[in-house]
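Chemist:
Numbering (the numbering used here), first residue to last: -10 to 174.
See the structure below:
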């Protein structure tokens, strides 16, 4: 198990506080953790952009939002080839800038993720003696016919891990560029 998969005391507290899913019998739920070597404000500035998931989600090619970016707004996401889907329709369920919480529910699309909802939280964490961020994304989803809970959780966790790795890469690159720009001034 690597550092990003570890669930320590603080992580468990965050899960209990913010990531409450109530799975039904034919659903699976899990959480993915990612340490990011960039400060919370920078990471949150990417996560909170419901209208621009393509800024860090590598499988999103296009996003169009219906609504004012408030709770209840809906986004139509086009997915790049390589995944078993081309579109996803997602509703913003929760956006809390103070607590750094984003909640999304999938309400349509040509994929097998039915009754999917996720919660993403961003927390300060010192990493290698510097201000960093712990990102946690949890989800609940129906297990599709013909799949097991383990297979479903594995697939969804793999997608989230890919998205969070990309979020870390983008955030860390922006943090380094920001520091470089400060040094040049």
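Where a beta carbon is used, it is the ideal one built from N, C-alpha and C, also for glycine.
According to DSSP, residue 112 sits in a beta bridge with which residue or residues?
Modeler: Residue pairing by DSSP places residue 112 opposite 123 in a beta bridge.
Chemist: Using only the alpha-carbon positions, how far apart do residue -1 and residue 124 sit?
Modeler: 12 Å
Chemist: Do residue 25 and residue 160 have their CB atoms nearer than 7 Å?
Modeler: yes
Chemist: Select from 167, 166, 164, 154 the residue whose C-alpha is nearest the C-alpha of residue 48.
Modeler: The alpha carbon of residue 48 has as its nearest neighbour, out of 167, 166, 164, 154, the alpha carbon of 154.
Chemist: Exposed or buried, what is residue 66 when buried is set at 16 or more other beta-carbons lying within 10 Å of its beta-carbon?
Modeler: buried
Chemist: When you compare each of 35, 150, 12 to residue 91 by their alpha carbons, which one comes out closest?
Modeler: 35
Chemist: Around the C-beta of residue 29, are 16 or more other C-beta atoms found within 10 angstroms, so that it is buried, or is it exposed?
Modeler: buried
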